[in-house]
Structure formats: structure tokens, C-alpha cells
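Peer 1: For the sequence shown, the working numbering gives the first residue as 2, with consecutive numbering after it.
In this text, a Cβ means the ideal position worked out from N, Cα and C, and glycines have one as well.
Since this is a predicted model, take the numbers as computed values, not measurements.
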Amino acid sequence: MGLSDFITLESEKIMAEFEAFAMQQLPAAADMDVAALRDHARQVLQAVALDMLQPQTKREQREKSLGHSTRADGAGVEAAQIHGSMRAASGFNVNQTAAEYRALRASVIRLWMESGPKLGRDEVFELVRFNEAMDEALAASILYFATEAARMRNLFLGVLSHELRTPLSTIMTSGHSLVLAAQQNKPMPAAADRVLRGSRRIQSLLDDLLDYVRSGLGEGMRVSPKDVDMAVVCERIVAELRANNPGRVIELETLGDSTCVCDEERIAQAVSNLVGNALKYGPADTPVKARIDGSAADQISVSVQNGGPPIPEATRESLFEPLVRGAETEREGYNLGLGLYIVREIALAHRGSASVQSDAQVGTVFSVRLPRGASDAASAAFPGLRMN
Ligand SMILES: Nc1ncnc2c1ncn2[C@@H]1O[C@H](COP(=O)(O)OP(=O)(O)OP(=O)(O)O)[C@@H](O)[C@H]1O
Ligand SMILES: [Mg+2]
2 MGLSDFITLE SEKIMAEFEA FAMQQLPAAA DMDVAALRDH ARQVLQAVAL
52 DMLQPQTKRE QREKSLGHST RADGAGVEAA QIHGSMRAAS GFNVNQTAAE
102 YRALRASVIR LWMESGPKLG RDEVFELVRF NEAMDEALAA SILYFATEAA
152 RMRNLFLGVL SHELRTPLST IMTSGHSLVL AAQQNKPMPA AADRVLRGSR
202 RIQSLLDDLL DYVRSGLGEG MRVSPKDVDM AVVCERIVAE LRANNPGRVI
252 ELETLGDSTC VCDEERIAQA VSNLVGNALK YGPADTPVKA RIDGSAADQI
302 SVSVQNGGPP IPEATRESLF EPLVRGAETE REGYNLGLGL YIVREIALAH
352 RGSASVQSDA QVGTVFSVRL PRGASDAASA AFPGLRMN
């Protein structure tokens with residue numbers, strides 16, 4: 002069987018082989034669901050198979066080998082462009098994106114050779130065409146990856162500057178008022194309070210940034226697990242958020258045993274991010290409902306529910322990616338889009354997980370699930386884990 006027919010007919014087998022490789026070798030792929038991982042690889046492959054069937058002149062082949070495709074809008078290039086920008090948005094690095102093509106190419110050639118094709122002039126020619134088309138797709142994908150990465154970096158720097166400037170200008174104005182007040186011997190507690198609040202906001206932005214940068218450097222998030230009563234942690238966070246959001250209702254209920262072994266400050270940060278999001282993105286006239294579920298022996302979960310329109314299924318998982326914000330915040334530019342990423346990193350550092358469910362009946366529920374005991378977390382080979 003010719004190579005392009007083989008690719009079309011055996012695409013399931015090729016995808017299974019490719020997927021096994023990707024799951025093993027590409028850390029960012031481990032968080033992706035199989036469908037998302039397969040989708041674009043399949044499209045790239047189908048487009049490559051189609052490209053191989055197109056007649057090609059000697060001149061076109063020479064141009065292609067020099068990286069100057071004469072069909073820049075070809076299906077292969079287009080699929081690869083989408084692939085490149087999707088991978089940039091999914092936390093892949095450029096090596097991993099290129100590794101996907103290597104895996105795809107190796108899977109195709111290995112399975113085709115195993116099928117025992119007769120290797121005449123036509124088959125060798127097809128193999129050359131296949132490699133050319135793959136190279137072209139790889140180049141297009143990397144180019145788009147780089148463009149998307151640069152766009153995200155610029156967007157991030159823009160949002161960061163905006164975010165830092167707002168509290169900074171409050172601090173400067175209030176500081177100025179305080180200097181004047183001191184000259185006139187007049188106390189100004191409200192201005193002092195604004196200085197403190199602005200500074201806290203900047204501190205929390207910088208803390209988030211540091212967590213993000215550290216986790217991106219492959220250090221993972223460090224956690225120091227101790228005996229903790231989850232109910233006490235959640236009550237503390239909920240009390241703080243109630244005080245900061247007068248008029249909002251935040252309910253908290255506990256089922257079963259709320260004790261576990263975890264990093265108290267990190268878990269408090271995760272709960273605070275989730276309840277903070279529910280307050281920010283849920284309608285102001287509906288309650289936010291937090292619930293600790295300790296009814297299972299080996300795990301404990303905290304979930305936070307809010308009302309409002311459901312989050313579309315297609316965008317749900319991407320909300321956990323760093324620097325991803327919903328459409329409403331893109332416009333106003335209030336946040337960095339790091340909150341849920343940090344929640345998931347904290348859950349993973351405890352060998353747990355973070356997830357979201359959203360529908361019109363129940364609303365939106367973000368949950369964190371943790372193993373109850375330290376032993377599960379401590380025995381795992383997680384590099385960021387540090388026991389005190
Ligand atoms: N409870 C929720 N209900 C509806 N949408 C939500 C909820 N939580 C998060 N989102 C959506 O997910 C996006 C990402 O949330 P995340 O907490 O990661 O970032 P952020 O809130 O935009 O910024 P940051 O938390 O860094 O200040 C939000 O911009 C919002 O669109
Ligand atoms: Mg948030």
C-alpha cells in the first residue's frame with residue numbers, strides 16, 4: 002500500500018502510537034485530554050497525506066526543500082499553523098512542539114515499514130514527499146508557535162504594567178496626602194489604609210508572578226504538609242472575604258472528617274483564589290457556596306459554587322492555563338489570569354487535582370481534591386515536595 006493511502010487508512014493505529022509517545026515524553030501533554038492531543042495531530046497528518054497526493058513540479062519541490070513553499074495557504078500549512086498556536090497556548094515549549102512532529106513522523110514510518118510495503122521507485126518518492134510535507138508543516142507550526150508566544154508575552158507585560166500601575170498610583174496619591182496631612186498635623190487614617198491596601202495588592206501580584214515563574218522553571222510548587230483541619234482554614238478565608246465583600250453571602254458547609262495533611266498556607270491560597278473568583282465572576286445577588294467533603298476515607302475535597310451563565314465547555318479546561326482570562330476580564334484588564342493556574346499547581350503539588358463543572362442548573366463549581374494523608378504525597382517523586 003502506498004504511504005499516503007496507508008496514512009489515511011491506518012490513522013487510528015498511527016494516532017494510538019503517537020499518543021502513547023506524547024503522554025510519556027511531553028509533560029504538558031499529561032494535563033491535556035486525549036481528544037485535544039489527537040485533534041490537531043490528526044489534522045496535520047490528514048493534510049500531509051493530502052499534500053502528498055497533489056501533483057508537484059520539480060521547481061515546486063526545489064522551492065519546498067529550501068523552505069519557500071509555493072503553496073503557503075495549503076491545507077498542511079494551515080493545520081500546522083493552528084497546531085503551533087494551540088500548543089503555545091497549552092503550555093508546550095518549542096522543543097515539545099517539535100517533538101510531536103518527530104513522534105508523528107516516526108510512528109508513521111515505523112508502522113508503514115511493519116506493514117511490509119514493496120519498496121520501489123514510487124514508494125521511495127512518496128517517502129520523500131512525506132518528509133517534505135512534514136518538514137513544511139513543522140516549519141509552519143514553529144513559526145506560529147513563536148508568533149503566538151510573542152503575542153502572549155506582550156499581552157502579559159501589558160496587563161502586568163496596567164495591574165501594577167493602578168495600586169501604585171493609589172499609593173502615590175495617598176502618600177502625597179499623608180505628607181501634606183503630617184505638615185498640617187492632621188491624621189488621615191483612610192489615606193494610610195489605602196497605602197496599605199495598594200501595597201498588599203502589589204505584593205499579591207508579585208507573589209503570584211513568582212509562583213508562576215518558579216513553576217515554569219520546572220521547580221514545581223513547594224509544599225510543606227502538616228496536620229491541618231480544612232474546616233478551620235476555610236473558615237478563616239471565608240471570614241476574610243466576607244469582611245472584604247460586605248453584602249455578599251458566602252456559605253460554608255462541611256461533610257464528614259475535615260482533617261488532612263497538607264500545606265496550610267498553600268491550601269488557604271487555593272481556597273481564597275476559588276472563593277475570590279466565585280465572588281468576582283458570579284452574579285452579586287446570588288450566594289457563593291463553599292463545601293468541604295471529607296466523607297471519603299482517602300481523600301478530601303473543597304468545592305466552590307457560584308451562579309451565573311455556564312462557562313462554555315470548549316473554554317473550561319483552558320481557564321487553568323496561566324495568563325488565560327475570560328472575555329469579560331480581557332476587556333477590562335483587571336487580572337493576570339494566574340489564579341486558577343496556581344490552584345491547579347497547588348493541587349498537583351499535593352498529588353491531587355483541580356477541576357471545573359458548569360451547567361445552567363447548578364452553575365459553576367470549581368473543586369480541588371487532595372489525598373487525605375501525607376504518605377501519598379510524600380511517597381510521590383514530586384520534585385517540589387519538601388517535608389518539614
Ligand atoms: N467561578 C467562576 N465563574 C465563572 N468564571 C470564572 C470563575 N472562575 C474563573 N472564571 C473565569 O476564568 C478566568 C481565569 O480565572 P483565574 O482566576 O485564573 O484568573 P483571573 O481571575 O482572570 O485573574 P487572577 O486570578 O490572576 O487575578 C477568569 O478570567 C474568568 O473568566
Ligand atoms: Mg482569579
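Compute the Euclidean distance between the alpha carbons of Gln25 and Ser142, then round it to the nearest angstrom.
Peer 2: Approximately 21 Å between the Cα atoms of the pair.
Peer 1: Should Ile238 and Val289 be called a contact, given that it needs their Cβ atoms to be closer than 9 Å?
Peer 2: No, the Cβ-Cβ distance between Ile238 and Val289 is not below 9 Å.
Peer 1: Between the Cα of Arg212 and those of Ala350, Leu10, Gly309, Leu4, spot the shortest distance and give me the residue it belongs to.
Peer 2: Sequence check: residue 212 is Asp here, not Arg. Looking at the Cα atoms, Ala350 is the closest of the given residues.
Peer 1: Which value, in whole angstroms, describes the spacing of the CA atoms of Lys14 and Ser319?
Peer 2: For Lys14 and Ser319, the distance between alpha carbons rounds to 28 Å.
Peer 1: Let's see if you can read the secondary structure: which residues bound the beta strand (DSSP E) around Thr9?
Peer 2: No beta strand (DSSP E) contains Thr9, which is instead part of the alpha helix (DSSP H) from 4–10.
Peer 1: Helix, strand or coil for Arg292? Go by DSSP, reduced to three states.
Peer 2: Arg292 falls in the strand class under three-state DSSP.
Peer 1: Below 8 Å on the Cβ atoms is my guess for Arg106 versus Cys261; work out the distance and round it to an integer in Å.
Peer 2: Not confirmed; about 46 Å, so no contact.
Peer 1: Please report the residue range of the beta strand (DSSP E) in which Gln306 lies.
Peer 2: Looking at the DSSP string, the run of the beta strand (DSSP E) that includes Gln306 is 300–307.
Peer 1: Counting only the same chain and skipping the five closest in sequence on each side, list residues whose C-beta sits under 8 Å from that of Ala193.
Peer 2: So the list reads Ser175, Leu179, once near-sequence residues are dropped.
Peer 1: Does DSSP classify Val366 as helix, strand or coil?
Peer 2: It is a strand residue.
Peer 1: Who does Ile251 pair with in a DSSP beta bridge?
Peer 2: Answer is Val289, bridged to Ile251.
Peer 1: For the structure I just gave you, are there three or more beta carbon pairs, one from the region 195–208 and one from the region 231–245, closer than 8 Å?
Peer 2: They do not touch, by the three-pair rule.
Peer 1: So the candidates are Val129, Gly340, Thr9, Asp258; which of them puts its Cα closest to the Cα of Gln44?
Peer 2: Ranking Val129, Gly340, Thr9, Asp258 by Cα distance to Gln44 puts Thr9 first.
Peer 1: Whose C-alpha, out of Ala269, Glu124, Cys235, is nearest the C-alpha of Val224?
Peer 2: Measuring from the Cα of Val224, the nearest candidate turns out to be Ala269.
Peer 1: Inspect the beta-carbon positions of Gly338 and Val160 and report whether they are closer than 9 Å.
Peer 2: Against a cut-off of 9 Å, the Cβ pair of Val160 and Gly338 comes out as a contact.
Peer 1: For Ala100, report the span of its beta strand (DSSP E) as first-last.
Peer 2: Counting along the chain, Ala100 falls outside any beta strand (DSSP E), though it belongs to the alpha helix (DSSP H) covering 95–115.
Peer 1: Does the distance from the C-beta atom of Phe7 to that of Ser116 stay below 9 Å?
Peer 2: Result yes, Cβ atoms of Phe7 and Ser116 sit closer than 9 Å.
Peer 1: With ligand 2 as the reference, list in chain order each residue whose Cβ lies under 5 Å from any of its heavy atoms.
Peer 2: My final list is Asn278, Gly340.
Peer 1: Using a 10 Å radius around the Cβ and a threshold of 16 neighbouring Cβ atoms, would you call Asn336 buried or exposed?
Peer 2: Its Cβ being crowded by 16 or more others within 10 Å, Asn336 is buried.
Peer 1: On a Cα-Cα basis, can you pick out the residue from Ser354, Arg326, Lys119, Pro310 that is closest to Gln362?
Peer 2: Among Ser354, Arg326, Lys119, Pro310, the Cα nearest to that of Gln362 belongs to Pro310.
Peer 1: Whole angstroms is fine: what's the gap from Thr71's alpha carbon to Gln55's?
Peer 2: Residue confidence is low: Thr71 scores 48 on pLDDT, short of 50, so the model does not pin down where it sits. No coordinate-derived value is stated.
Peer 1: Taking Cβ positions, are Ile347 and Ala271 nearer each other than 9 Å?
Peer 2: Yes.
Peer 1: What's the C-alpha gap between Met2 and Asp123?
Peer 2: Each residue's alpha carbon lies about 11 Å from the other.
Peer 1: Express the C-alpha separation of Leu206 and Leu169 in angstroms, rounding to a whole number.
Peer 2: One C-alpha to the other measures close to 12 Å.
Peer 1: If you drop the 5 nearest sequence neighbours on each side, which residues of the same chain put their C-beta closer than 7 Å to that of Trp113?
Peer 2: Hits under 7 Å: Leu4, Phe7.
Peer 1: Using 8 Å as the cut-off, classify the Cβ of Thr148 as near or not near the heavy atoms of ligand 1, replying yes or no.
Peer 2: For ligand 1, not one heavy atom lies less than 8 Å from the Cβ of Thr148.
Peer 1: In this structure, how does DSSP classify Asp264 when only helix, strand and coil are distinguished?
Peer 2: Reduced to three states, the DSSP call for Asp264 is coil.
Peer 1: Among the residues of its own chain, which have a CB less than 8 Å from the CB of Ala298, if the five just before and after it don't count?
Peer 2: Correct list, in chain order: Arg373.
Peer 1: Beta-carbon within less than 7 Å of Ser216's beta-carbon, same chain only, minus the 5 sequence neighbours each way: which residues are those?
Peer 2: Excluding sequence neighbours, Ser216 sits near Met222, Glu346.
Peer 1: Looking only at C-alpha atoms, which of Thr148, Asp230, Ala191, Ala23 sits nearest to Gly257?
Peer 2: Closest option to Gly257, Cα to Cα, is Asp230.
Peer 1: Reducing DSSP to helix, strand and coil, say where Gly121 ends up.
Peer 2: The answer is coil: DSSP assigns Gly121 none of H, G, I, E or B.
Peer 1: For a test of your reading of the model: does the CB of Arg326 fall under 8 Å from any non-hydrogen atom of ligand 1? Yes or no.
Peer 2: Flag set: Cβ of Arg326 near ligand 1.
Peer 1: Using only the heavy atoms of ligand 1, determine whether one of them is closer than 8 Å to the beta carbon of Thr167.
Peer 2: Answer for Thr167: no, Cβ out of range of ligand 1.
Peer 1: Buried or exposed, going by whether 16 or more other CB atoms sit within 10 Å of the CB of Gly121?
Peer 2: Under this definition Gly121 is an exposed residue.
Peer 1: From the DSSP output, read off the bridge partner residues of Gln185.
Peer 2: DSSP lists no partner for Gln185.
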